[in-house]
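*Asks:*
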Ligand code: GDP
Ligand code: GDP
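Residue numbers (full-length UniProt numbering): 21 to 473.
As structure tokens, then:
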């Protein structure tokens, strides 16, 4: 293939703008042992070909691509873990909340041979305020005789129990038909364009999240209840900052001061993840008075995984003296090296120091997250970069970069079309140069490679 054979049209015909076609999501939730995994396997038809793990999702939640009568969708299985009895109610409520924020249809599974337990009731309580349709699956109804048992599940207030036997396949075709009738054509729009920007205030316990929230909400004395055209989840809050409403997600989790004792860490991380998934930008609070810990970094990893814009907030700056400042600088170099692009702000939620710097930092990060570089401008720039520093030779061949395009925003995602594999080091080099040229401060940037052979 000579270079002149490469045409823009070739690339476009590969559908690069749909790297991962967005499919509607069906979440399967419920307490342990009710048969969630069995049902998910049943939905997948146990055909190996369709059971593909989707990269980027972590151990506690697995998504699979499924299909029913020719309609593809994603199934998310939240099972596979056994919380201790004490943390269970909370964990499962968080699981249900995560589903409400991310799924297009929720299937809640209950064991009909047991009836409604208090945990089932806790899940139902959360799901009754779901905007996404909820389907109640009464499982383990293995025979017609057992049908009658399921009637008591009406008491959950989630509508008619759909009796199934996930293990034997009884009723599952009807359940899938019902799911399809509730599935939207396209996955729901997570972020209404033009609406208030969505912020997740995250951080380990005691870093000052609720103090900051109180200060932000209190200072402006105007918690906005009703912003035209937007509906706010009861767990969220609209806070007006610098004259504009901002949508803070899951502030209930911060205000309620849920105890994060041992064993509840899973719950806390699930809740953090749920907040991140429904936010556009993360405000990561770190206690500047204390050394940066593993727990801070775990939350940072969650943010990086979800691809959100990021502002790192060093709180309790009133406690930072010269010695601590020196130590902190070293910790930042060491521990935050993976996010050199993050915006950083030093504040004190207690004294109010530098609080006014938060909004410009959030706005800057979001602007980068939304930014699109035109294909023309990108390629003019890229040609020079590559001429000056070509990709390293591999196996005697020098890969050529033919063309690049920004396939997505939020976060900015670039695709390089090449004639050979590009090493991670070279991809990072490209990312660095992209940032130098086009900004993207405060936002992750993804550089993908498509090899054409
Ligand atoms: P999960 O923890 O909710 O994912 O539950 P599993 O799918 O692991 O199932 C828990 C147990 O219930 C397993 O022993 C399954 O074999 C059993 N089970 C699942 N579905 C059915 C069913 O329809 N009928 C009966 N009798 N048992 C079932
Ligand atoms: P959360 O668990 O992250 O919500 O943290 P809190 O807001 O409950 O704060 C934990 C503790 O840190 C409380 O005793 C706060 O008074 C204190 N705190 C919060 N912000 C600051 C700050 O800027 N400076 C100082 N010195 N203490 C703070």
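We put the beta carbon where it would ideally sit given N, CA and C, even for glycine.
Looking at residue 158 and ligand 3, is the gap between the Cβ and the nearest heavy atom below 7 Å?
*Replies:* You won't find ligand 3 in this model; what it holds is ligand 1 and ligand 2.
*Asks:* Rounded to whole angstroms, what is the Cα-Cα separation between residue 159 and residue 200?
*Replies:* Looking up residue 159 in the chain shown gives position 139. Looking up residue 200 in the chain shown gives position 180. About 19 Å.
*Asks:* Is residue 316 near ligand 2, judged by its Cβ being under 7 Å from some heavy atom?
*Replies:* The count along the chain shown starts at 1 and reaches residue 316 at position 296. It does not: the Cβ of residue 316 is nowhere closer than 7 Å to a heavy atom of ligand 2.
*Asks:* Below 8 Å on the Cβ atoms is my guess for residue 303 versus residue 333; work out the distance and round it to an integer in Å.
*Replies:* Stepping through the chain shown from its first residue, residue 303 is reached at position 283. Stepping through the chain shown from its first residue, residue 333 is reached at position 313. Their Cβ separation, rounded to whole angstroms, is 6 Å, which keeps residue 303 and residue 333 in contact under 8 Å.
*Asks:* What residue range does the alpha helix (DSSP H) around residue 142 cover?
*Replies:* Walking along the chain shown from the start, residue 142 turns up at place 122. Segment 138-147, the alpha helix (DSSP H) holding residue 142.
*Asks:* For residue 337, which residues of its own chain have a beta-carbon under 8 Å away from its beta-carbon, when the five flanking residues on both sides are left out?
*Replies:* As a working mapping, residue 337 is identified with position 317 in the chain shown. Only 308, 366, 367, 368, 373, 374 meet the Cβ criterion.
*Asks:* From residue 401 to residue 186, what distance separates their C-alpha atoms?
*Replies:* Residue 401 sits at position 381 when you count from the first residue of the chain shown. Residue 186 sits at position 166 when you count from the first residue of the chain shown. Using only the alpha carbons, I get a separation of about 56 Å.
*Asks:* Per DSSP, which residues does residue 230 bridge with? Please list them.
*Replies:* If you number the chain shown from 1, residue 230 lands on position 210. In DSSP, residue 230 forms no bridge with anything.
*Asks:* Give me the Cβ distance between residue 152 and residue 132, rounded to the nearest whole Å; I'm assuming they're in contact under 8 Å.
*Replies:* Counting from one through the chain shown, the residue named residue 152 turns up at place 132. Counting from one through the chain shown, the residue named residue 132 turns up at place 112. Contact flag wrong, Cβ pair sits at about 23 Å.
*Asks:* When the Cα of residue 301 is compared with those of 256, 238, 348, 381, which residue comes out closest?
*Replies:* Looking up residue 301 in the chain shown gives position 281. Checked all of 256, 238, 348, 381; the closest Cα to residue 301 is 381.
*Asks:* DSSP three-state call for residue 361: helix, strand or coil?
*Replies:* Position 341 of the chain shown holds residue 361. Coil, per DSSP.
*Asks:* Give the DSSP bridge partners of residue 437, in chain order.
*Replies:* As a first step, residue 437 must be located in the chain shown, where it is residue number 417. DSSP output for residue 437 lists 423, 470 as bridge partner(s).
*Asks:* Spatial neighbours of residue 419 within its chain, please: CB distance less than 7 Å, with the 5 preceding and 5 following residues excluded, ordered by chain position.
*Replies:* Position 399 of the chain shown, counting from 1, holds the residue named residue 419. Only 411, 438, 439, 440, 441, 442 meet the Cβ criterion.
*Asks:* Do residue 363 and residue 385 have their C-beta atoms within less than 8 Å of each other?
*Replies:* Position 343 of the chain shown, counted from the start, is the residue given in the question as residue 363. Position 365 of the chain shown, counted from the start, is the residue given in the question as residue 385. Yes. Within cutoff.
*Asks:* Tell me the DSSP secondary structure of residue 190 in three-state form.
*Replies:* Position 170 of the chain shown, counting from 1, holds the residue named residue 190. Looking at residue 190 - three-state DSSP - the assignment turns out to be strand.
*Asks:* Check each candidate in 421, 144, 258 and name the one with the smallest Cα separation from residue 268.
*Replies:* Locating residue 268 in the chain shown gives position 248, counting from the first residue. Among 421, 144, 258, the Cα nearest to that of residue 268 belongs to 258.
*Asks:* Our contact map puts residue 294 next to residue 149 with C-beta atoms below 8 Å; I'd like the distance itself, whole angstroms only.
*Replies:* On the chain shown, position 274 is the one that residue 294 refers to. On the chain shown, position 129 is the one that residue 149 refers to. In fact, because the Cβ distance is near 15 Å, the residues do not count as touching under 8 Å.
*Asks:* Would you list the one or two residues that DSSP bridges to residue 87?
*Replies:* Numbered from its first residue, the chain shown carries residue 87 at position 67. DSSP lists 92 as partners of residue 87.
*Asks:* Applying the 10 Å Cβ sphere with the 16-neighbour rule, what's the burial state of residue 245?
*Replies:* The residue given as residue 245 occupies position 225 in the chain shown. Low confidence applies to residue 245: its pLDDT is 46, below 50, so where it sits in the model is not reliable enough to give any reading.
*Asks:* Kindly indicate which residue of 188, 89, 265 has the alpha-carbon position closest to the one of residue 61.
*Replies:* One-based indexing of the chain shown puts residue 61 at position 41. Considering only alpha carbons, the answer is 188.
*Asks:* Would you check whether ligand 2 has a heavy atom nearer than 7 Å to the C-beta of residue 227?
*Replies:* For the purposes of this step, residue 227 is taken as the residue at position 207 of the chain shown. The answer is yes for residue 227.
*Asks:* Mind reading off the beta-carbon distance from residue 430 to residue 390? Whole number of angstroms is fine, and I expect it under 8 Å.
*Replies:* Along the chain shown, one-based indexing puts residue 430 at 410. Along the chain shown, one-based indexing puts residue 390 at 370. That pair is a contact at about 6 Å.
*Asks:* Roughly how far, in whole angstroms, is the beta-carbon of residue 126 from the beta-carbon of residue 154, given that I think they are within contact range, below 8 Å?
*Replies:* Against the chain shown, residue 126 aligns to sequence position 106. Against the chain shown, residue 154 aligns to sequence position 134. Correct: roughly 5 Å between the Cβ atoms.
*Asks:* List the residues that DSSP assigns as beta-bridge partners of residue 414.
*Replies:* Stepping through the chain shown from its first residue, residue 414 is reached at position 394. Residue 414 is bridged to 417.
*Asks:* Does the beta carbon of residue 230 fall short of 7 Å from some heavy atom of ligand 2?
*Replies:* In the chain shown, counting from the first residue as 1, residue 230 sits at position 210. Under cutoff, so the answer is yes.
*Asks:* Does ligand 1 have even one heavy atom less than 7 Å from the beta-carbon of residue 162?
*Replies:* Start at 1 with the first residue of the chain shown, and residue 162 comes out as number 142. Answer for residue 162: yes, Cβ within range of ligand 1.
*Asks:* Is residue 470 closer than 8 Å to residue 435 when the C-beta atoms are compared?
*Replies:* On the chain shown, position 415 is the one that residue 435 refers to. On the chain shown, position 450 is the one that residue 470 refers to. The answer is yes: Cβ separation under 8 Å.
*Asks:* Is residue 135 near ligand 1 - that is, is its Cβ less than 7 Å away from at least one heavy atom of it?
*Replies:* By 1-based counting over the chain shown, the position of residue 135 is 115. It does not: the Cβ of residue 135 is nowhere closer than 7 Å to a heavy atom of ligand 1.
*Asks:* Based on the DSSP output, what are the partners of residue 321 in its beta bridges?
*Replies:* Against the chain shown, residue 321 aligns to sequence position 301. Beta-bridge pairing links residue 321 to no other residue.
*Asks:* What residues in its chain sit with their C-beta under 7 Å from that of residue 227, if we drop five residues either side in the sequence?
*Replies:* Along the chain shown, one-based indexing puts residue 227 at 207. Excluding positions up to five away in sequence, the list reads 305, 306, 307, 335.
*Asks:* Smallest Cα separation from residue 145: which of 215, 116, 161, 425?
*Replies:* Translated into the one-based positions of the chain shown, residue 145 becomes position 125. Cα-wise, what sits closest to residue 145 is 116.
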